[in-house]
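J.: Residue numbers (the numbering used here), protein chains in the order written: chain A, 1256 to 1659; chain B, 82 to 390.
Ideal Cβ positions, reconstructed from N, Cα and C, are used throughout, including at glycine.
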Amino acid sequence: MGLNVEKIREDFPVMKREIHGKPIIYFDNACMTMRPVQVIEKINEYYNEYPACGERSSHKLGKRVDEGVDQARESLKKFIGARHTKEVIFTKNTTEGINLVANTIDLNKGDVVLGTDREHNSNLLPWQKLASLAGTKHEIVDPNPDDTFSIENFEKKMSRDVKLVSIIHTSNVDGTTIPIKEVIKIAHDHKALVLVDAAQSIPHHDVNVRKLDADFLAFSGHKMLGPSGTGVLYGKEHLLKKMPPFMVGGGTVEDTTHTNATFDEPPDKFEAGLQNYAGIIGLGEAARYLMRIGKDNIQKHEIALNRRVTDGVGDLVDIIGPNEPEKRSGIFSFNYKKVDSHEISMMLDEMENICTRAGAHCVHSWFNAHNINGSCRASFYFYNTPEECDKFVDTLKKVIDVVK
Amino acid sequence: MICIIALVVFGILGIFSAKYRTVAKEAFDCVFKRITLRKCTTGLDKRMKSQITGKFMRKHPGLGKVLYKHFEAISWIFTIVLILSLGYSAYSIGNLFIYGNCNGPIPDAFCVFDPFVSGGHVESCSMEGITGEITGVLEVHDHDPAIGFPDAKVTIIEAGCFLCPYTKEAEPVVKQLISHYGDQIHFVYKDFPLSSTHPGAQEAAEASHCAHEQGKYWEYHDLLFVDQNGADFDHLLNLAQQLDLDIEQFSECLESRKYKSKVDGDFTEAFSIGVYGTPTFFINDQIIVGPKTFNEFRQIIDSELFWSV
Ligand SMILES: Cc1ncc(COP(=O)(O)O)c(C=O)c1O
């Protein structure tokens, strides 16, 4: 069953906008997605009807907040297939989720954290920092000669010292997805834990933490229709229980004395201070919206769009990653000769309001290793249309004609 | 180079709105780096290049292409134009401080006749608020003081006031015109005394005709402009003495107001066709209001000389 994109687009107020008399073609979904009216209304509902604090106040408004947050946690639990709502910690983004783990997991001098060669800075710097503070090591799995993820190299890297595999599921540079289930299996066989950076996978594919047996999984709400500055860290309950809190303060404790504290159970232990209630409640709605649409439908649609663009201009540009669109999910990342990707991106924007992103996409390490100066990236989502792709192809050809 | 333009433009916009200040800062950073022979790292130059090219591409793909290829050269040209126009603006602003207008030493100001001044209004000596329209040309009469060749192709009639600083200001140009064109022109001076703002202007005009009677009109005319602070009887007499005029005849002429009707006649005639201030010049049927440069006069006179048969 295909998606009724026309109807879906009616849910997104921003798609009715025009700039300079032209509609907006939004192809920067890997950075942030647009928000449907259902999510916006949920946020407004909080501010209009019960803008109070949660988990503390027993008045009617406070209760209503608790209900909203509980409902959202329940939706997110379902969304990722967690066993229990205790395993769903609300954060402000993927970055915070990863930092939370890096700051609380029990790693010691000499322990190795393993990642790929294309980790987002958010899944690189926390481990570099830990290495410099705690003497751990951050190591990298070399890719195949064709630059794809190598499960063999990964397995080879799995020494006894590897205690954590913190790994990107779907790359925001080229859109490739690693065989995460196998990775987790191999890691567990070697008694290592796995933290999945699911920022780019959760919005597009079915990700079920139980089926994958992931130990931790972090993602952002704003890349999946949710409000800005929202995210989730999933962690297995028994692991979370063992971990000390990251940030401490109000909301994390059962009781304190002037010298001591008894901490709450997860997830409260990890949610310090008053929370972004409107965001959390909106994120719950976003998860429900995506579950209604269905990830399979989303993936099929995106790949079809990616194929259309790849067929249209794939021969003219250098695509980052494999040529086959099926392997790149909703990402079409490219360079034209040595032309600065920012120039191309800005011309697309000026000419036809086509929003793309240029630069290193926060994965400088990969670009530096390949001596490439960034790329221009178009990233699709389920509300994009074939017509938009045609416009993109057409405009990109015009840009190429100018800069060639 | 585009960064220099950006720096100036956004720098000025930044004075008024904070939203442009970051761009201005970037532009500054960029210019500074370029001056110290480094690369502009903020990418501002590239950003402007692609945005501007993109804007053109929307309408004229060909133009966009040219712009993209020659962007550096084109921005150099604009930079130079910008610097020149900035220089000119600075000059104008300087003028504004020194002279109160942008164009330098009060070229357009002149003395205005305000019929309402007696009603207690303050009369000004500038164009402000005046939108007079002159609907005719003055005629030359037998006794009008004149220089040059009466049958010349070009007649220049000046309606002036001896106590008006702008009439005085026009004097050197008038002198220059007379010496430059000689017999090619006929220059005639008519009185338009603005007595309400310049008390004594009427008497000064009458006195000039008393000097005319003794054959020293132009000498007296020139002396009247030397000191415009007033024109009481003693002052007028004193000027006559300087020119060795027959004082008895002169003071008798002045006291009896022999030329009052002549001066009144000049004024009424000019006023009736809409002259509203001094100096006003009629070059055949073309009109110049206020002091102008020699070149401005010359353009009109030359074309009149050329075209009139
Ligand atoms: C793969 C990946 N990981 C992590 C992040 C960081 O997400 P956030 O900035 O929302 O924390 C991103 C965002 O671009 C991403 O693409």
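I'd like to confirm something about Ile133(B): is its beta-carbon nearer than 7 Å to some heavy atom of ligand 1, or not?
T.: No.
J.: So if DSSP puts Arg1612(A) in a beta bridge, which residue, or which two residues, is it bridged to?
T.: Its beta-bridge partners are Arg1632(A).
J.: Got a sec: is the Cβ-Cβ distance from Arg119(B) to anything in chain A below 8 Å?
T.: Cβ-Cβ to chain A under 8 Å: no for Arg119(B).
J.: At which residues does the beta strand (DSSP E) containing Tyr1532(A) begin and terminate?
T.: No beta strand (DSSP E) holds Tyr1532(A); the alpha helix (DSSP H) holding it covers Tyr1532 to Ile1548.
J.: Under a three-way DSSP split, which group does Tyr101(B) fall into?
T.: In this structure, Tyr101(B) counts as helix in the three-state DSSP scheme.
J.: Against Lys136(B), what residues of chain A qualify as contacts under a CB-to-CB distance less than 7 Å, listed in chain order?
T.: Simply Glu1605.
J.: In whole angstroms, what separates the C-alpha of Ala1327(A) from that of Asp1402(A)?
T.: Approximately 39 Å, taken between the alpha carbons.
J.: For Asp1595(A), would you say it is in contact with chain B, using Cβ-to-Cβ distances shorter than 8 Å as the test?
T.: Yes, because at least one Cβ of chain B sits closer than 8 Å to the Cβ of Asp1595(A).
J.: By the 10 Å Cβ neighbour count, where 16 or more other Cβ atoms means buried, how is Glu1607(A) classified, buried or exposed?
T.: Under this definition Glu1607(A) is a buried residue.
J.: Contact criterion: CB-CB distance below 8 Å. Does Arg128(B) meet it with respect to chain A?
T.: It does; some Cβ of chain A falls within 8 Å.
J.: Where does Phe314(B) land, buried or exposed, given buried means 16+ other C-beta within 10 angstroms?
T.: Flag for Phe314(B) reads exposed.
J.: Alpha carbon to alpha carbon, what distance is there between Lys341(B) and Val198(B)?
T.: With a pLDDT of only 40 at Val198(B), under 50, the local geometry of the prediction cannot be trusted, and the value read off the model is given with reservation. Taking the straight line from one Cα to the other gives about 21 Å.
J.: Out of Glu284(B), Asp303(B), Ser332(B) and Asp264(B), state which residue places its alpha-carbon closest to the alpha-carbon of Lys249(B).
T.: Selected option, being the one with the closest Cα: Asp303(B).
J.: What residues of chain B sit near Val1657(A), judged by a beta carbon separation below 8 Å?
T.: Those are Thr134, Met138, Pro142, Gly145, Lys146 and Tyr149, listed as they occur along chain B.
J.: Assuming Thr1485(A) contacts Ile1435(A) under a Cβ cut-off of 8 Å, what Cβ separation, rounded to an integer in Å, is found between them?
T.: With a Cβ gap of about 23 Å, Thr1485(A) and Ile1435(A) do not count as contacting.
J.: Listed in chain order, which residues of the stretch 152-169 of chain B have Cβ atoms closer than 8 Å to some Cβ of chain A?
T.: Result list empty, no residue passes.
J.: For Glu1304(A), count neighbouring C-beta atoms within 10 Å of its own C-beta (all shown protein chains included) and say buried if the count is 16 or more, exposed if not.
T.: Exposed, because fewer than 16 other Cβ atoms sit within 10 Å of the Cβ of Glu1304(A).
J.: May I ask you to verify whether the stretch 1476-1490 of chain A touches the stretch 1540-1557 of chain A, counting CB pairs closer than 8 Å and requiring at least 3?
T.: Flag = yes, the stretch 1476-1490 of chain A and the stretch 1540-1557 of chain A touch.
J.: Just checking: is the beta-carbon of Ser131(B) within a distance shorter than 8 Å of some beta-carbon in chain A?
T.: Chain A, which has a Cβ nearer than 8 Å to the Cβ of Ser131(B), makes this yes.
J.: Tell me whether Asn1399(A), by its Cβ, gets closer than 7 Å to a heavy atom of ligand 1.
T.: No; taking the cut-off as 7 Å, the Cβ of Asn1399(A) has no heavy atom of ligand 1 nearer than that.
J.: Please report how far the alpha carbon of Leu1385(A) lies from the alpha carbon of Asp1519(A), in whole angstroms.
T.: The straight-line gap from Cα to Cα measures roughly 26 Å.
J.: Who are the neighbours of Met1602(A) on chain B, taking C-beta pairs under 7 Å?
T.: Going along chain B in sequence order, the residues near Met1602(A) (Cβ under 7 Å) are Ser131, Thr134, Gly135 and Met138.
J.: In the DSSP assignment, find the unbroken alpha helix (DSSP H) run with Glu1607(A) in it and report its ends.
T.: Taken as a continuous stretch (DSSP letters only), the alpha helix (DSSP H) holding Glu1607(A) covers Ser1596 to Glu1607.
J.: Under the three-state reduction of DSSP, which class applies to Thr1640(A): helix, strand or coil?
T.: Residue state, collapsed to three classes: coil.
J.: Consider the C-beta atom of Val1475(A) and the heavy atoms of ligand 1; say whether any pair is separated by less than 7 Å.
T.: One detail in the question is off: residue 1475(A) reads as Ser in this sequence, not Val. Checking every heavy atom of ligand 1 against the Cβ of Ser1475(A), one is found closer than 7 Å.
J.: Note down the Cα distance separating Tyr1281(A) from Ser170(B), rounded to an integer number of angstroms.
T.: Each residue's alpha carbon lies about 44 Å from the other.
J.: Is it buried or exposed, Gly210(B), if we count other Cβ atoms within 10 angstroms and call 16 or more buried?
T.: Any reading at Gly210(B) must be qualified, since the residue scores a pLDDT of 41, below 50, and its modelled position is unreliable; no value is offered.
J.: Sorry if obvious, but does the Cβ on Thr1565(A) come closer than 7 Å to a heavy atom of ligand 1?
T.: No, the beta carbon of Thr1565(A) sits no closer than 7 Å to any heavy atom of ligand 1.
J.: Grab the span of the alpha helix (DSSP H) containing Asn1299(A) for me, first residue to last.
T.: Val1292 to Glu1304 is the span of the alpha helix (DSSP H), which, as asked, contains Asn1299(A).
J.: Hey, is Ile1423(A) close to ligand 1, as in C-beta under 7 Å from one of its heavy atoms?
T.: Ile1423(A) Cβ: within cutoff of ligand 1.
J.: Mapping DSSP to helix, strand and coil, what is Ser170(B)?
T.: Correct three-state label for Ser170(B): helix.
J.: Could you please give the first and the last residue of the uninterrupted beta strand (DSSP E) stretch that includes Met364(B)?
T.: One detail in the question is off: residue 364(B) reads as Ile in this sequence, not Met. Its beta strand (DSSP E) spans residues Thr361 to Ile364.
J.: Can you check DSSP and say which residues form a bridge with Glu1374(A)?
T.: Looking at the DSSP assignment, Glu1374(A) forms no beta bridge with any residue, so it has no partner.
J.: How about Ile364(B) and Thr216(B): are their beta carbons less than 8 Å apart?
T.: No; because the gap between Cβ atoms is not below 8 Å, this pair is not in contact.
J.: Show which residues of chain A have a CB atom less than 7 Å away from the CB atom of Gly124(B).
T.: The contacting residues are His1597.
J.: Taking C-alpha atoms, which residue in Lys297(B), Phe178(B) and Ala286(B) lies nearest to Gln309(B)?
T.: Nearest C-alpha to Gln309(B): Ala286(B).
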